[in-house]
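Worksheet for the structure shown next.
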Amino acid sequence: MADLDPTGATGAATDATSPPLRERVRAALQSRTALVVIILAVLALLWWSAVARDVSAERLLSLTVWGVMLGGVIALGAIGLTLVYGVLKFPNFSHGAMVTLGAYLAFAFMAVLPQGPALRPFSFGWEFLAALVLAMPLVGVVALGLDRVVYRRLRRQNASLVLFAMASLAMAFFLRSLIYLIWGPDFYFYYDARANPVLDLPLNIRVQADQLFIVVLAFAIVGLVHLLLTRTRMGKAMRATANNPDLAQIRGINTERVIAWTWIMGGALAAAGGVMYGLSSQLRPEMGFWLLLPMFAAVIMGGVGNPRGALVGALIIGVTQQVATAFLNPAYGPAVAFALMVLTLLVRPQGLFGARGG
Amino acid sequence: MDPATLVKAILLAPTLTILVFALVRIPWRARVPLGLVLGVGGAFGAAATLDAGLLSYLVSFSIMAGIYAVLCLGLNVQWGYTGHLNFGIAGFFALGAFTTALVTTSAPTGTLAQYSQQAFGLELPFLVGIAAGAVVAGVVAFLIAIPVLRLRMDFLAIATIGIAEIIRLVFQNERWLANGPQPLRGVPRPLYCTVQEPTCAWLPAPVAAWLAPLAPRDYIFIYLGIVTLILALVYLALERAVRSPWGRVLRATRDEETSTAMSGKNVPRVRIQSFVLGAAVMGLGGALYAHYTVTIDYSHFNPLFATFIVWVMLMLGGSGNNRGAILGAFIIWGVWSGTAFLTEALEPGLRAISETLPDRSAYLRWLLVALLLAAIVLYRPQGLLKEETIVSRHLLRRRGAAATTPGATATVGGAPPAATAPEAAGRDPGGG
C-alpha cells in the first residue's frame, strides 16, 4: 500500500513498477535484521580499524571483555530507565543523577559501617555489599518521593510529555546540586589505595576480580528483573501498563501502584549501576551524567520499555565504547554511544525489540 | 555631574530606552514620549545617584542578561514557536563563541605558539566574527537537523543533549582546534580603542574628546550598547519573522502538524528552518559572550550554565513570547545574581550545619534554580507573559467582525480556515 509521504515522493508514482520496489526496499532496510547487520558491520569496522592500527589481538580481546563489563554497568541503569520510559512514557533525565546518588549513598553507608577485611580476590569487604543493599531501596524511595511531589501532580494535570521531560531535567539538576552540596566536587574511591590485583585469564585476558563481580552481579540482577516481570503479578501488571495504560486500568490494574513500584525498581537498579560504576572507577558528581547518554542509547537501541532489549543494547554499546578506545581518545566514549543511537533511530526508530510502527 | 558620569549616562540612555520599549506596556499614543522620558531619565538618574562601583556592577549584570536574552530568543524560535525540545543549547553557544574567537584573533607565533594552539586566526573584524559564529552554529544545526528532526520530540531532546556533549568534548580534547583544555585568550573587544590612550585613529576628534573621560575599566558601558543594539535587532527580526506567514506556519506546525501538512505546507522544511534559525541566534549569543569575557574555554559551556538556565529563563518569561524571553532572561539572571548575596547571608547558618559547607554554597544557588524550574512547570507552565494568540494585525482589525464566529479569534491564522478549529481546540496549556 502506498503511504502518503508528506515530504513529497510523488514523482516516482508515475512509474508503475518502482513504488512497490521502493516500499519493499524501505521495509527491508527498516527490519530488525537490517539493524542487526548494520550494528555488526559497525563492530566489525571498529575491530578492523583497530587491527589496521597495529593493535594486538590480545588487547582487542581484553577491550572486548572490558566492554562487556561496562555494558553490565550501563545495563543496570538502562533497565530502570527503560521501565520508567515504558510505563510513564517520558524520558527521565534525572536517571543519571539517581545513579550518582546511589553511588554516593553507598559511600556514606560504608563510612558508618565497620570495616572488614577484603574478600579476596575482590578488593572490597562485606561492608561494601551491605552498603549496596542499603543504598538500592533508599534510592528507590527517593525516586518514589520525586514522583509523589512532582510527576504525580503533572499526571493529575494531564500535562504534556514535554513538561514531564522538563520537570525531570529540573530534578536532575536538583539532585546533582544536592550531591555537590553534600559531598563537594572532589572525587572519592570506595577503598583508597587498596591493592586490586589483576587476574590472568586464559588467552592473556587481564581483568580485575572486581570487574568479574560487576558482570556477574549485573547479569544476576537483570535475570531477577526478568523473573519479576514475567512471573509475578506486579511484573505482569507493569508490562501491561507499559503496553496500554488505559486497557490495563480497565482490566482492574491499579496503575498508580504499578507506577510506584516502577519508580522503586528503577531507582534501585540505578543505585546498583552507580555503585558498580563507582567500584570500577571512582565517584564523581558527574558520573551519572556521563552514563546518561550511553543509557539512553541502550534504551533506544533495545526498544523503549523493553528490559531485555536494554540489556542487549547496553552490551553492544559497552563493547563498542571500549573497542573504540583502541584508536580513539577514550573521552569520546559518549560520542560513540551517540553515533550508535542516531544510527538506530535512522534505521529503525522502534529499536531492536520494538514492535512495528512504534 | 562630572564628565565621566555624563558620558556614562548618555551611553546608558539608549539601552534603557530600548529595554523600556521592550518590557513595559505603555498605552500606544504615549509610547514614544513616555518611553524616551523613562529611558533617558532613568539613565541620568542612575548615573547621578548610584556610586561608580554599583553602576558598573549593574552594567556588567545587564550585559550578561542581554547575552542570555539573545540565547533565550534563539530557544524561543525552536521551542516556543515550533516545539523543538532542544536540550543542547550549550553546543550552539560554544560553537558561536569558539568560531568568533578563531575568526577574530591572530594565530599565535613564536614561543607563544608552544603554549597556545589554534587551528587558524584570521584577525577579521568583530562583526565578521559574530556573523561567522551565527553561520557556523546554523550550518552545524542544519547538518544535525536532517537525521534528528524526523524523530519524536522526546528522542530529539535526548539527541540534542548528546550533540551538546560531543561539541563540548571536541573543544575539550582537540588541542589543535582551539587550545583544547587550556583557555583560549585574547578575544578582541570591539571598539576597545575608544577608551584607550591614545584613542582609535579613525575616530573623529569631537567624539574622541567626548569619550576621553572614560577609563579602560569603563569599557563595559560601550559593550552594553553593542549588546543592546544586537539584542534589539535580533528581537525586531524575530518578531517580524514570527508574525509573518512563515511564523504562522511554524505555530500551525507546532499545534497541528497533520492539518498543516494537509494544507500544503512543507512541514519538514519549516521545522528544519526554525531549528537552524534558532541555532544561529544561539551562536550569535555565544559570539557576544566570547567578546565580553575575552578568555573562553570548554568549561564555560557546561549543561548547567549554558543549557539549563536558559530553559528556566524562557519557561519563566513565557514560551512563544519574545518579550517574555527577554524578561525571563533579566529576571532569572537577577535571581541568579541575587542568590549570591543570599548564600553570603546564609553563611553563618551553613557553617553551623557543617564547617566546610559554606565553601560549597555556590551549589545551593543551583538547587534553588532547579526548584524554581520545577515550580514553574508545576504551577505556571505558560510563564509570566503568555503567548499572544493573535499575531496578524489584519485579524486584530477584524476582531469585532470575527467575534461572531466562535473559535476564529483564538487561532493563529496561518493555515486555511479548515485547519483553524482543531488548532484552537488542540492547544494545550504547556504551549507544545
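The listed protein sequences correspond, in order, to chains A and B. For what it's worth, our numbering labels the leading residue of the first sequence as 26, then goes sequentially. For what it's worth, our numbering labels the leading residue of the second sequence as -17, then goes sequentially. The C-beta atom is built at its ideal place from N, Cα and C for all residues, glycine as well. If you're wondering where the values come from, they're calculated on a predicted model, not measured in any experiment.
What residue range is occupied by the uninterrupted alpha helix (DSSP H) comprising residue i?
i, result
"B/Gln96", "Leu94 to Tyr97"
"A/Gln347", "Pro332 to Ala349"
"B/Val22", "Arg13 to Thr31"
"B/Asn304", "Asn304 to Ile335"
"B/Cys54", "Ala34 to Leu57"
"A/Gly165", "Trp151 to Leu171"
"A/Asn268", "Arg258 to Asn268"
"B/Ser343", "Ser343 to Tyr361"
"B/Pro188", "Ala187 to Leu193"
"B/Thr371", "Where B/Thr371 is concerned, there is no enclosing alpha helix (DSSP H), given that its DSSP letter is neither H nor E."
"B/Pro227", "Pro227 to Asp237"
Grouping DSSP H, G and I as helix and E and B as strand, with all else coil, what is residue i?
i, result
"B/Leu173", "coil"
"B/Leu166", "strand"
"B/Ser88", "strand"
"A/Trp233", "What sits at residue 233 of chain A in the sequence shown is Gln, not Trp. Strand, per DSSP."
"B/Ile278", "strand"
"B/Gln100", "strand"
"A/Tyr176", "helix"
"B/Leu151", "helix"
"A/Leu226", "strand"
"A/Tyr216", "coil"
"B/Leu125", "helix"
"A/Leu308", "strand"
"B/Pro(-4)", "helix"
"B/Gly365", "coil"
"B/Val249", "helix"
"B/Pro198", "helix"
"B/Val394", "For B/Val394, the pLDDT reaches just 41, beneath the cut-off of 50, and the residue's location in the model is therefore unreliable, leaving the point undetermined."
"B/Thr64", "coil"
"A/Ser193", "helix"
"B/Leu(-12)", "helix"
"B/Val6", "coil"
Can you list, in chain order, the residues of its chain with a C-beta nearer than 7 angstroms to that of residue i? Leave out the 5 residues immediately preceding and following it.
i, result
"B/Phe69", "Ala139, Thr142, Ile143 and Thr289"
"B/Gly103", "Leu84, Thr87, Ser88 and Ala89"
"B/Leu270", "Ile49, Val52, Ile112, Val209 and Ile212"
"B/Val(-11)", "Trp192, Leu193, Pro195 and Leu196"
"B/Val130", "Leu138 and Ala141"
Can you tell me whether residue i is buried or exposed? The criterion is at least 16 other CB atoms within 10 Å of its CB, across all chains shown.
i, result
"B/Trp184", "exposed"
"B/Ser281", "exposed"
"B/Arg150", "buried"
"B/Ala383", "For B/Ala383, the predicted structure reports a pLDDT of 49, less than 50, and the residue's modelled location is therefore unreliable. A value from the coordinates is still provided. B/Ala383 is exposed by the Cβ-count criterion."
"B/Glu147", "buried"
"B/Gln164", "exposed"
"B/Pro285", "buried"
"B/Gly267", "buried"
"B/Ile335", "exposed"
Can you find the residues in the same chain that come closer than 6 angstroms, C-beta to C-beta, to residue i, ignoring five residues on each side of it along the sequence?
i, result
"A/Phe214", "Gln307"
"A/Met94", "Gln236, Ile239 and Val240"
"A/Asn354", "none"
"B/Ala243", "Val249"
"A/Ala143", "Gly150"
"A/Gln274", "Thr280"
"A/Ala75", "Leu85, Ala351 and Phe352"
"A/Leu163", "Leu130"
"A/Val124", "Gly102, Ala295, Gly298, Gly299, Gly313 and Leu316"
"A/Thr266", "Val112, Ala273, Thr280 and Val283"
"B/Arg11", "none"
"B/Asn303", "Leu367 and Glu369"
"A/Leu371", "none"
Please indicate yes or no: does the CB of residue i lie closer than 6 angstroms to some heavy atom of the ligand SAH?
i, result
"B/Phe153", "As for the ligand SAH, it is missing from this structure, which has no ligand bound."
Using a Cβ-Cβ cut-off of 8 angstroms (strictly less than) and excluding sequence neighbours within five positions of residue i, which residues of its own chain qualify?
i, result
"B/Ala101", "Leu84, Trp158, Leu159 and Ala160"
"A/Arg333", "His251, Gly327 and Phe378"
"B/Arg207", "This sequence places Gly at residue 207 of chain B; Arg is not what is there. So the qualifying residues of the chain are Leu(-7), Pro(-4) and Thr(-3)."
### Query
Going along the segment 329 to 350 of chain B in order, which residues come within less than 7 angstroms of chain A, judged by CB to CB distance?
Within the segment 329 to 350 of chain B, the residues whose Cβ lies closer than 7 angstroms to some Cβ of chain A are Arg342, Tyr345, Leu346, Trp348 and Leu349, listed in chain order.
### Query
Just by C-beta distance, which residues in the segment 90 to 120 of chain A are closer than 8 angstroms to chain B?
Cβ contacts with chain B come from Phe115, Pro116 and Phe118.
### Task
Please list the residues of the segment 152 to 186 of chain A that have a C-beta atom closer than 9 angstroms to any C-beta atom in chain B, keeping them in chain order.
Residues of the segment 152 to 186 of chain A that bring their beta carbon within less than 9 angstroms of a beta carbon in chain B comprise Val174, Val175, Arg178, Leu179, Gln182, Asn183, Ala184, Ser185 and Leu186, in sequence order.
### Message
Which residues of the segment 140 to 157 of chain B have a Cβ closer than 8 angstroms to any Cβ of chain A? Give them in chain order.
### Response
Residues of the segment 140 to 157 of chain B with a C-beta atom less than 8 angstroms from some C-beta of chain A are Ile140, Ala141, Ile143, Gly144, Ile145, Glu147, Ile148, Leu151, Gln154 and Asn155, listed in chain order.
### Within 7 angstroms of chain A by C-beta, residues of the segment 355 to 366 of chain B in sequence order
Taking a C-beta cut-off of 7 angstroms against chain A, the contacting residues of the segment 355 to 366 of chain B are Leu355, Ala356, Val359, Leu360 and Pro363, listed in chain order.
### Task
Mind checking the segment 166 to 194 of chain B against chain A and listing, in chain order, the residues whose C-beta falls within less than 8 angstroms of any C-beta there?
Using a CB distance below 8 angstroms, no part of the segment 166 to 194 of chain B faces chain A.
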